[in-house]
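Student:
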Amino acid sequence: MNRLKTLFVVGILILGTLYSAEKVTVKVFSLPNQASNNPQGIAELKVVEKFKELHPEIELVVGTSINIEGRSIDAAPLMAIAGGTSPDIIYVNFRKSSTYLLQGFLYPLDEYVEQLTPQEVQDFIPQAVLPAIHREGPDGKIHYWAMPYQTAAIVLQYRRDLFAAAGLNPEHPPRNWKEFMEVARKVSDPSKGIYGFSLSANRQSAWKFFSFLSSAGARAVEQLPNGDWKASFDNDNAVTAYDFVNQLQKETVTKNGKTGPLTYRGSDEREKWIDGKVAMTFDYLGNGQMGDFNPDLIGVAAAPEGPEGKSSAEVNALMMGIFAGQKDKKVRDAAWTYIHFLNSHEARKIYVDTMVEQGAYRMLNPQWLREFGYAPLAQLSPKGLSEAFEFALQHGTPEPYGKNCQFVYDYLGTPIDEIYFDPRIDSASEPEKREIIRGYLTKAVANANEKMIGNISEAKRSTHNAVAWVVAIAVAISFYVFFKNIFSSVSGGRTRVFEKEKDPYKNHYATLLIAPAMVLILAWQYYPLLRGSLMAFQNYSVMGNSPWVGINNFADILFEEKFWRSLWNAFYFCALWLLLGFLPPVMLAVFLQEIPKGKILFRLLFYMPAAVTGVVILFMWRAIYDPTPDGILNSLLAFFHLNPQRWLQDPALAMICVVFPMAWAHFGPGSIIYLAALKGIPDELFEASEIDGASFWNKLRYIVFPYLKPLLVINLVGATIHGFQSGSAVLAMTGGGPNGATDVVGFEIFERSFMFLQFGHGTAMAWVVGVILLVFTAYQLKILNKVEFRTNNR
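Counting from 1 along the sequence shown, just add 459 to a position and that's the residue number in my numbering.
Have a look at this one:
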């Protein structure tokens, strides 16, 4: 009996030990790389390792998400949340915070903030950040929603080496816009591919423009006394800012016989900066570190003062929130433990000590050096670093954090391109020029207020909905008549069966064979299609509680200029694709069939590009399209004494520049299909045509094309559908720019759904595109119904 009691007690102790040793797994949006060899990465890794040592009961893992080049900070968390794989600790910044609240992504942190001491609250939450994280939520109550782990401010960063090479004093950065323009002219050198300033190629370039806007005394959005928001970047100060940036973009410099733009605009502008090809840019500094750059090469200063003597730039914060979809309190508590530790005095000391040990103390904020006993080292920090950061925090303008402000840079950036590409501005007088600019800003503000913030009157909403219903009924009637005609034609077609009297499709075994495939198609294609179609009639939220909005989403896109422009761009893309990617493979197949020698070699050479990944091809061609005078294509033009082109930065050339690499890679695979089809044409026909003296083009017209007609029809529809699925190429090459020239509807659907979380609008757009493509497919069926298929008697 005593032995049984002993065994029972031991068992209880073992179970208790196992239970207490059970780890709580917390998924984090990002963790330091174990293989990192730079000082900042090593310091961050030391902090995490210390946390793991103090809290062995908590296991940290990186949440999985799809990453998109150039948009990782926006795409990764949103794609993870939309895909149901959200980390427990999610990244938040100012402009996304309102959307995250409205979508119900953030768990209120009041219960945890109440545990902090007053000193910790003061240390953890700077006043510049407080309004964005401590505000009213969907429940109508004020809560804490996120915790900043690094306050950031945009400052002017400049290359000291390029300043010195141009004969400028690296200790004297430009103090105002006039000096900024003068310095940019002096350091620019087209003969060496050096630019004075840089902006991004797409609409997101506005995040750097924001510094000019705020220094001019303008604001992107303003909050009204009743708590509502409105866009406000259409006043005189905003016009001044847009005018100055337009001058920066259009200014050219001539040195050593070469002329080039003063400002670089490209998707790789960050790489240009790192490689020493850009002299000045705007970028973030954080309160914990002064950037991942060599402080001997990079200088830092406050944003140049605007015309009224004001210097201001964006203030932001990298923040962490707890995902509201995590229902396990143990996981939420563990997540808060990690967030709290990262903001603690202990973690900060580990970070600073490690950076000093690595000899990277000059990358640290001097205030942190003094705080942890490294005052002598603080005196060695680059001049102006700490001052520039503190000035930016005190005089900065918070990044917009109002309703749906994740859109804000799109609306701010669109007028930048519209103004730049308007030829009227170059010859207009000063008052006329300002009126033209104001017109673009007025339109952008009206769109922002209606589309972004959602300020639309009931009367206007009713009108839009009425028009949408009329259009929907008209389309339904038209499609009924059209498809009735198509299917009656198909069902009335003749079916000829040779060699067999019995129709094989009456065999029940055939039905059994195709049944598994049919089940899979229904499960993985048609069911998701029907389920997803409901989103078109909802204000869909991935967290649930998606209210029905009826036809509102369709009404919105019908009256949205951007949608119609993207649809037109998709048709333009299709036309170019058919011209470059559909017809040339047919011609190439015929040529490869006709050449007398080296057929295998030529076929191999043309097929080789297909062995390279599509994304690799796009990025390779993006480098070939380098707009600098020394770019590959521009160097080729210079050899023939032709002027350099801006390629992907030119609205007239951008679309064809996107299509051509895809068509170039498609030549080989496309021609292989047609080569195989050509083998089915009897040789006697070619021999007879040669005896009759038929030319090469007559053979194509009277022999090749009639025999290949069914294959051409099928491939034509496939090529058209492929043209409408061009969003990935646009994303990799241009991001929809310049000036919306490559903003095709496929890219617009992706961005609207997964970047801006407007799944209702994205699904409505997809339905419109699907209906258009359905017409092509139905027409394909009508043509194929007239084709006779014969079995081979041999």
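Here a beta-carbon is modelled for each residue, glycine too, at the ideal position from N, C-alpha and C.
What you are looking at is a predicted structure, and each value in this text was computed from that prediction instead of being measured.
Return the residue from the list 1220, 1048, 506 that minimises the CA-CA distance to residue 808.
Tutor: 506
Student: Distance, Cα to Cα, residue 834 vs residue 821?
Tutor: So the two alpha carbons sit approximately 12 Å from each other.
Student: Between 805, 655, 648, which has its C-alpha nearest residue 640's C-alpha?
Tutor: 655
Student: Please classify residue 911: does DSSP put it in a helix, a strand, or coil?
Tutor: Of the three classes helix, strand and coil, the one that applies to residue 911 here is helix, per DSSP.
Student: For residue 1202, count neighbouring Cβ atoms within 10 angstroms of its own Cβ and tell me buried if that reaches 16, exposed if not.
Tutor: Classification for residue 1202: buried.
Student: Please state the DSSP three-state secondary structure of residue 764.
Tutor: strand
Student: Along the chain, where does the beta strand (DSSP E) that runs through residue 776 open and close?
Tutor: 773 to 781
Student: Classify residue 701 as helix, strand or coil using the three-state DSSP reduction.
Tutor: helix
Student: I'd like to know if the segment 974 to 991 and the segment 892 to 899 are in contact, where contact means that at least 3 CB-CB pairs between them fall below 8 Å.
Tutor: no
Student: Got a sec? Which residues, its chain only, sit under 7 Å from residue 942 by beta carbon, not counting five neighbours each side?
Tutor: Around residue 942: 1237.
Student: Count the other C-beta atoms from every protein chain shown that fall within 10 angstroms of the C-beta of residue 486, then say buried if there are 16 or more, exposed otherwise.
Tutor: buried
Student: Measuring CB atoms only, is the segment 877 to 887 touching the segment 674 to 694, in the sense that at least three cross pairs come out at less than 8 Å?
Tutor: no
Student: Would you give the residue range spanned by the beta strand (DSSP E) that residue 517 belongs to?
Tutor: 517 to 521
Student: Roughly how many angstroms lie between the CA atoms of residue 1019 and residue 1211, to the nearest whole one?
Tutor: 13 Å
Student: Once DSSP output is grouped into helix, strand and coil, what is the label at residue 514?
Tutor: Correct three-state label for residue 514: coil.
Student: Tell me whether the beta-carbon of residue 1132 lies closer than 8 Å to the beta-carbon of residue 1145.
Tutor: With a cutoff of 8 Å on beta-carbon distance, residue 1132 and residue 1145 are scored as not near each other.
Student: Just list the residues that DSSP pairs residue 611 with in beta bridges.
Tutor: 745, 775
Student: Check whether the Cβ atoms of residue 1032 and residue 1187 sit closer than 8 Å, and answer yes or no.
Tutor: no
Student: With DSSP as the reference, label residue 678 as helix, strand or coil.
Tutor: Note: residue 678 maps to coil in three-state DSSP.
Student: Where does residue 1236 fall in DSSP's three states?
Tutor: helix
Student: Distance, Cα to Cα, residue 1064 vs residue 563?
Tutor: 54 Å
Student: Can you tell me the Cα-Cα spacing of residue 936 and residue 999, whole angstroms?
Tutor: 28 Å
Student: I need the DSSP call for residue 1010, collapsed to helix, strand or coil.
Tutor: coil
Student: For residue 601, which beta-bridge partners are listed by DSSP?
Tutor: 595
Student: Below 8 Å between beta carbons: does that hold for residue 591 and residue 556?
Tutor: yes
Student: Counting along the chain, where does the alpha helix (DSSP H) carrying residue 1129 start and finish?
Tutor: 1110 to 1137
Student: Are the segment 1132 to 1142 and the segment 1113 to 1120 touching, with three or more C-beta to C-beta distances below 8 Å?
Tutor: no
Student: Helix, strand or coil for residue 581, going by three-state DSSP, please let me know.
Tutor: helix
Student: For the putative contact between residue 612 and residue 852, defined by C-beta atoms under 8 Å, what is the C-beta separation to the nearest angstrom?
Tutor: Right, the Cβ-Cβ distance comes to about 5 Å (below 8 Å), so this counts as a contact.
Student: Identify whether residue 1067 lies in helix, strand or coil by the three-state DSSP scheme.
Tutor: helix
Student: For the alpha helix (DSSP H) that residue 1025 lies in, which residues bound it at each end?
Tutor: 1020 to 1036
Student: Based on the DSSP output, what are the partners of residue 720 in its beta bridges?
Tutor: Beta bridge pairing from DSSP links residue 720 with 711.
Student: With DSSP as the reference, please indicate the residues paired to residue 757 in a beta bridge.
Tutor: 618
Student: Three or more C-beta pairs under 8 Å: does that hold for the segment 919 to 930 against the segment 686 to 699?
Tutor: no
Student: If we ignore side chains and look at the alpha-carbon of each, how far apart do residue 1042 and residue 619 end up?
Tutor: 53 Å
Student: For residue 716, does the count of other Cβ atoms within 10 angstroms reach 16, so buried, or fall short, so exposed?
Tutor: exposed
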